[in-house]
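Basically our numbering = 1-based index in the sequence shown + 168. Quick reminder that beta carbons are idealized off the backbone N, C-alpha and C, glycines included. Note that this is a predicted model, so its numbers are computed, not measured. As structure tokens, the structure follows; a few thoughts come after it.
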Amino acid sequence: MRRQALHVYNYLDTGPHRDVLASLVAACRTLGIANLSEVAEARPSRQSARRLFSSPTPGLIFEALEYVTARVAAFLVCLAADDDSGTWREFDRDWRNAFGRPQDSGYSGRVRLFYGLYDGDGDPDRLAGIVAAALPDGLGSLQAAPTVLFEGCYLWEVGGAAEPHRLERVMVLLAPADRECDSDRLVWPHGHSVLRPLPAYLWEMANVRHQARRLAERRMVYQPEALLERAGRFERAEVKHPRGAAVREAMLSTLRREVALVAAHEAVLRTMHRTVEAATANARVWLEAGWVKPVSPDVGGDVVAPHVSDPVGQDLRYAKWLLVEILDEADTVRDAVSYAEPMARIGTAEIEQRLREQGERAEFRSVLQTSVIAAIGLLLAAAQTFDYSIPMYASLKMPSVVTIACVALLIPLAVALRSRPESRWRWLWAGLAGISVASALVWLATTALIRWRTGHPATVQLSRTAVAITAAAVSVGFIAMRRATRSRHTSW
Numbered sequence: 169m170r171r172q173a174l175h176v177y178n179y180l181d182t183g184p185h186r187d188v189l190a191s192l193v194a195a196c197r198t199l200g201i202a203n204l205s206e207v208a209e210a211r212p213s214r215q216s217a218r219r220l221f222s223s224p225t226p227g228l229i230f231e232a233l234e235y236v237t238a239r240v241a242a243f244l245v246c247l248a249a250d251d252d253s254g255t256w257r258e259f260d261r262d263w264r265n266a267f268g269r270p271q272d273s274g275y276s277g278r279v280r281l282f283y284g285l286y287d288g289d290g291d292p293d294r295l296a297g298i299v300a301a302a303l304p305d306g307l308g309s310l311q312a313a314p315t316v317l318f319e320g321c322y323l324w325e326v327g328g329a330a331e332p333h334r335l336e337r338v339m340v341l342l343a344p345a346d347r348e349c350d351s352d353r354l355v356w357p358h359g360h361s362v363l364r365p366l367p368a369y370l371w372e373m374a375n376v377r378h379q380a381r382r383l384a385e386r387r388m389v390y391q392p393e394a395l396l397e398r399a400g401r402f403e404r405a406e407v408k409h410p411r412g413a414a415v416r417e418a419m420l421s422t423l424r425r426e427v428a429l430v431a432a433h434e435a436v437l438r439t440m441h442r443t444v445e446a447a448t449a450n451a452r453v454w455l456e457a458g459w460v461k462p463v464s465p466d467v468g469g470d471v472v473a474p475h476v477s478d479p480v481g482q483d484l485r486y487a488k489w490l491l492v493e494i495l496d497e498a499d500t501v502r503d504a505v506s507y508a509e510p511m512a513r514i515g516t517a518e519i520e521q522r523l524r525e526q527g528e529r530a531e532f533r534s535v536l537q538t539s540v541i542a543a544i545g546l547l548l549a550a551a552q553t554f555d556y557s558i559p560m561y562a563s564l565k566m567p568s569v570v571t572i573a574c575v576a577l578l579i580p581l582a583v584a585l586r587s588r589p590e591s592r593w594r595w596l597w598a599g600l601a602g603i604s605v606a607s608a609l610v611w612l613a614t615t616a617l618i619r620w621r622t623g624h625p626a627t628v629q630l631s632r633t634a635v636a637i638t639a640a641a642v643s644v645g646f647i648a649m650r651r652a653t654r655s656r657h658t659s660w
């Protein structure tokens, strides 16, 4: 080979990729590649570079280009020499020493393209042997068939056959030395910053593989089979053994939530399908711009590489397979939603009617409580206005006042509890107020009963004992009621 170069194409995912860009720029500075110019665009375009980097070192062609759109970015690096001195091993070592081990987060794909020129016979088998000897160690072997970009220009993929949706790809491009201008036009711009066909095509394929990885991740999280099984259990329960109202309502609430989540998953899958379709179509356009002339429509539609075993043919076949997989997954999810949605709608009218009735009862109780409080207040105000002394034994006055005060405290707490029955603190305060009302009533009743039967006031010790027994009994009943309520609301 007469000349060797390394091109590193970094395709960045949507979202926070600023840290990855910063590390790439830092690696370029380590290699002596400085920021040459920056283009400020109102609307970023993936056609023209936003930032240009170049090394001022004589004899070295170290350059970098940054392409940015509203959502994605690409950072392309070229390491080459003016003469034939540099080798693939040296450039690969320089890049690894400068950038280190890349992290997978933030990337939609990475490509290392080993580019070289050759003299003499363009037999692919002979060139494959030369490439295998020149490549850095540990990259694997060349795949069998190359893609012919034009006569004598071959594109191989290195390794990766066992991982079709891999994040990083290693490729080799060899072209005849007498057609250097044609091959350079495929991989790197000269005199301008317009994106070239080969990195643009690999960018689209990186997006396709990124969608494949997203599909695999979402399949781990969203499982329509679980929704079908849950809806089936609910249907069988409705037909054979209907549950109680509280348990049934909890089951319906869970089912409605899962139906909504799975329906959202279907919408994401449809978007992924459109994304892969668009990326595949764009990739075919770039192939045509790069002189790849398809001769067979057997794979991927109208535009296909000559052999499905070469890198481009495998890419298009993989994209077609992925489209079918996404569509099949979306149809499966839609079928699950279509079955579970009627189950989730069962009882909706009943629940709405029950909620309306509960609202009406709550409104009636609020009005009744307000009326009782107002009546008691008016009665006491009238008695105080006319200096009327209510005929009552002196021993009953204090229990009566305490009872009225406890009832006045219980009424607003009970109303507040019904607005948020899941609040533990509201249950606690309402329970304490209820215990106080019960204790005050027992105190009042005990005092009045003893006064009526004996004609003498009740002793303090007797009143205390009655109040303590009542408070303990009401507390035990309150705790038992709360435990029974929780057991009825256990999750389905």
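Reducing DSSP to helix, strand and coil, say where W324 ends up.
strand
Under a three-way DSSP split, which group does V245 fall into?
In the displayed model, V245 falls within a strand according to three-state DSSP.
Test item: CB-CB of H378 and D181 under 8 Å
Cβ distance < 8 Å, so H378 and D181 count as in contact.
Looking only at C-alpha atoms, which of S253, E319, S191 and P367 sits nearest to Y179?
Residue P367 is the option with its Cα nearest to Y179.
Coil, strand or helix - S464 by DSSP
Any answer about S464 is weak, because its pLDDT of 41 lies below 50 and its placement is not dependable; what the coordinates show is given next. Reduced to three states, the DSSP call for S464 is coil.
What is the residue span of the alpha helix (DSSP H) that M388 lies within?
Per DSSP, M388 belongs to the alpha helix (DSSP H) from P365 to V389.
Which listed residue (G599, G320, E336 and A606) has its alpha carbon closest to that of L281
E336
Please classify A498: does DSSP put it in a helix, a strand, or coil?
helix
Inter-residue Cα distance where the pair is A435 and Y486
22 Å
Can you give, in chain order, each stretch of the beta strand (DSSP E) that sits fully within the stretch 252–317 and has at least 3 residues?
275–286
When DSSP labels each residue in this structure, what does V176 get in the three-state scheme?
strand
Does DSSP put E525 in a helix, in a strand, or in coil?
helix
Identify every residue that forms a DSSP beta bridge with A396.
Sequence inspection shows Leu at residue 396; the Ala mentioned does not correspond to that position. Bridge partners of L396: none, in fact.
In angstroms, rounded to a whole number, what distance separates the CA positions of A582 and V505?
41 Å
Report yes or no: do three or more beta-carbon pairs, one from the stretch 437–449 and one from the stretch 492–509, lie closer than 8 Å?
Taking a contact to require three or more Cβ pairs closer than 8 Å, the stretch 437–449 and the stretch 492–509 qualify as touching.
Mind the definition here: the stretch 313–332 touches the stretch 216–232 only if three or more C-beta pairs lie below 8 Å; say whether that holds.
no
Determine the direct distance from the alpha carbon of A451 to that of S361, and round the result to whole angstroms.
19 Å
What are the boundary residues of the beta strand (DSSP E) that L341 is part of?
E336 to P344
To the nearest angstrom, how far is the alpha carbon of G297 from that of A428?
Counting only the Cα atoms, A428 lies some 57 Å from G297.
Per DSSP, the bridge partner or partners of I229:
DSSP lists A248 as the beta-bridge partner residues of I229.
Identify the continuous beta strand (DSSP E) that holds L354 and give its terminal residues.
L354 -> not in any beta strand (DSSP E); alpha helix (DSSP H) instead, spanning E348 to V355.
Provide the residue(s) that pair with F221 in DSSP beta bridges, ordered along the chain.
N203 and A232
Are the Cβ atoms of V355 and V340 separated by less than 8 Å?
no
In this structure, does DSSP put S361 in helix, strand or coil?
S361 falls in the coil class under three-state DSSP.
Cβ pair count under 8 Å reaching 3, the stretch 286–305 against the stretch 234–248:
no
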